[in-house]
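Participant: Protein chains in written order, with the working numbering: chain V, 100 to 384; chain A, 100 to 384. We put the beta carbon where it would ideally sit given N, CA and C, even for glycine.
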């Protein structure tokens, strides 16, 4: 009997469970509940999960696959709890948005078993959270980055790739460092800018008028500022060095814009805006 | 016979023309063409316009309403061209995203006739441009800010308000200075941040990978970076002082984020992100 464990049944973990059930990938889907977390009973009733357990260390003995989908900060502990009980055929992956830190935790926590962990980052999500927002096709045609260690056996990488392909995703293998730099710029930085803009508005004396007249530009730009504060605090902390580099680089972009506007340099300003507009238009085509 | 002139038949001017025709607000809709601009002949054929003319100063003599929908920078000239020919019953409005500069130009250009100008800013648009993108219901239920001078006769303000209500919009009267501060923060600043992000990405050695893995967060955040560079250069220049203030304030927000992340201050970081997330969620409800 094949078995998958999902630790952290939220939007991502729940969507994985739904797709596993639809695809009949494993005989048993076990959700790990944490004290004080979402009550998962109704998701057993609805058929998303076969069982709920509080005890990862017991469940792991006969598991084929473990998916760590809890907030990044909790995963470090999990590695230490499970290592003594981890059989040689069990593979582990995660769904975290940062990878260098997870790979380091896995190496430290799993010790000589660390090649049983292959990191994953599904580029899919939503500003909604919780298993009640789970969607069966959340990963359909989405990019999934898979981050092995330099010496991870190809067999293990392939198993994780196949798993994500069964979820509907398109897999790409990257090293963790490159992954973190890329997603700092293209995902974490814009989230910070959106959080920053909303903070700037809510500290303004005209806050009410501003929010009243904010239109579709603001709506789309700031949608990601409604994201889970806990998740994003963890991302800030775990991808600290890339993100700080990017925030400082962005201040240079602002310096450049201020300078062009102050100097009234219409030609260079137009070029600057045009570069962005052209790139963004080509991207969406 | 009633007559409206639209100078600058682009996305906004074209959408106004379509709605005027649908509502039969004026007997004649005349589009003003500029040398080298979009050829408007096909829009006469399609029934959006009754006529196209190159000569604003001739057309204005018997016009009831003039809508200035050309890029902000061109409007200043227009005031000077039309003033000698402007009859006492003709009202003028515009559709520009910045208002202090337009009001100053109107005062300077129209001289003792400047109370015939009432500024407008329809909060409606799209990253698309040109009359081919015009939509009959572009203004439906959208906010329209109307900016009179301190001593503009109430009759003139009411006429312009009624015009926008006929377009489907909801009108609010604000003074030009307050308008410019509010829209700097809630519209112009996020546009600059989106332009800045795309510029940062396209200068990165990993540019191709980044654009490949950019997901829905990036898509929505940066949609407005595809906006017309010409329009946004003009907005930067015409709302210079508010925008520079906001860009500098935003650098303080970034300083704050960098400091919280560097210090590993998880509690204050969570509060900061939570403030934004809560505000943004409440806004969308």
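#1: Are any of the Cβ atoms in chain A nearer than 8 Å to that of residue 291(V)?
#2: Among 169(V), 137(V), 383(V) and 182(V), which one has its Cα closest to the Cα of residue 157(V)?
#3: Residue 220(V) bridges to which residues according to DSSP?
#4: Measuring only between beta-carbons, confirm whether residue 319(A) sits less than 8 Å from chain V.
#5: Using a Cβ-Cβ cutoff of 8 Å, what residues of the region 321-347 of chain A are near chain V? List them in chain order.
#6: Do the CB positions of residue 321(V) and residue 318(A) come within less than 8 Å of each other?
#7: Taking the beta strand (DSSP E) that residue 127(A) falls in, what are its first and last residues?
#8: In whole angstroms, what is the alpha-carbon distance linking residue 255(V) and residue 247(V)?
#9: In the structure shown, what three-state DSSP assignment does residue 274(V) receive?
#10: Under DSSP, the alpha helix (DSSP H) around residue 321(A) begins and ends at which residues?
#11: Please compile the residues from chain A whose C-beta is within a distance smaller than 7 Å of the C-beta of residue 158(V).
#12: Could you run through the region 209-241 of chain V and flag, in chain order, every residue whose CB is less than 7 Å away from some CB of chain A?
#13: Identify, in the order they occur along the chain, each residue of the same chain with its Cβ nearer than 7 Å to the Cβ of residue 276(V), setting aside the five sequence neighbours on each side.
#14: Which residues bound the beta strand (DSSP E) around residue 117(V)?
#15: Just checking my contact of residue 197(V) with residue 338(V) at CB under 8 Å: how many whole Å lie between their CB atoms?
#16: Just the C-alpha distance for residue 287(V) and residue 335(V), rounded to the nearest angstrom, thanks.
#17: Grab me the residues of residue 127(V)'s own chain with a C-beta within less than 6 Å of its C-beta, minus the 5 sequence neighbours each way, in chain order.
#18: Residue range of the alpha helix (DSSP H) that residue 171(V) falls in?
#19: Where does the unbroken alpha helix (DSSP H) through residue 307(A) begin, and where does it stop?
#20: Under a three-way DSSP split, which group does residue 339(A) fall into?
#21: If we cut at 8 Å on Cβ distances, does residue 372(A) have a partner in chain V?
#22: Terminal residues of the continuous beta strand (DSSP E) containing residue 152(A)?
#23: Given a limit of 7 Å on CB to CB distance, which residues of the region 359-371 of chain A reach chain B?
#24: I think residue 220(A) touches residue 278(A), with their Cβ atoms under 8 Å apart; what is that distance to the nearest whole Å?
#25: Would you call residue 340(V) buried or exposed, if buried means 16 or more other Cβ atoms sit within 10 Å of its Cβ?
#26: If you measure beta-carbon to beta-carbon, which residues of the region 294-315 of chain V are closer than 7 Å to chain A?
#27: Given that residue 285(A) touches chain V, what residues does it touch there, using C-beta distances under 7 Å?
#28: Should residue 365(V) be listed as close to the ligand MG, given that the test is whether its C-beta is under 7 Å from any heavy atom?
#29: As a quick exercise: from 173(V), 294(V), 296(V) and 163(V), pick the residue whose alpha carbon is nearest that of residue 189(V).
#30: What does residue 102(V) pair with, by DSSP beta-bridge criteria?
#31: Consider the Cβ of residue 357(A): report whether some Cβ of chain V lies at a distance smaller than 8 Å.
#32: When you compare the CB of residue 168(V) with every CB in chain A, is at least one pair closer than 8 Å?
#33: Suppose you measure from the CA of residue 347(V) to the CA of residue 370(V); what does that come to, to the nearest Å?
#34: Could you tell me which residues DSSP pairs with residue 165(A) in its beta bridges?
#35: Please report the Cβ distance between residue 235(V) and residue 117(V), rounded to the nearest whole angstrom; I am assuming they are in contact, meaning their Cβ atoms lie under 8 Å.
#36: May I ask you to report which of helix, strand or coil DSSP gives residue 269(V)?
Facilitator: Taking the geometry as given:
#1: yes
#2: 182(V)
#3: Looking at the DSSP assignment, residue 220(V) forms a beta bridge with 244(V).
#4: yes
#5: 321, 322, 323, 324, 325, 326, 327, 328, 329, 331, 332, 335, 336, 339, 342, 343, 345, 346 and 347
#6: no
#7: 127-131
#8: If you draw a straight line from the Cα of residue 255(V) to the Cα of residue 247(V), it comes to about 9 Å.
#9: coil
#10: 315-321
#11: The contacting residues do not exist; residue 158(V) stays about 30 Å from chain A at best.
#12: 222
#13: Cβ contact annotation for residue 276(V) (same chain, cutoff 7 Å, sequence separation greater than five): 199, in chain order.
#14: Run containing residue 117(V): none in the beta strand (DSSP E); it sits in the alpha helix (DSSP H), 110-122.
#15: 4 Å
#16: 8 Å
#17: 102 and 149
#18: 171-181
#19: 306-312
#20: helix
#21: Between residue 372(A) and chain V, the shortest Cβ-Cβ separation is below 8 Å.
#22: 150-152
#23: Within the model displayed, chain B is absent; protein chains V and A are what it includes.
#24: Right, the Cβ-Cβ distance comes to about 7 Å (below 8 Å), so this counts as a contact.
#25: exposed
#26: 294, 295, 296, 297, 298, 299, 300, 301, 303, 305, 308, 309, 310, 312, 313 and 314
#27: 300, 309, 312, 313 and 317
#28: Only the bare structure without any ligand can be found here, which leaves the ligand MG out of the picture.
#29: 163(V)
#30: Answer is 127(V).
#31: yes
#32: no
#33: Going from the Cα of residue 347(V) to the Cα of residue 370(V) covers about 22 Å.
#34: The secondary-structure analysis by DSSP pairs residue 165(A) across a beta bridge with 104(A) and 191(A).
#35: 4 Å
#36: strand
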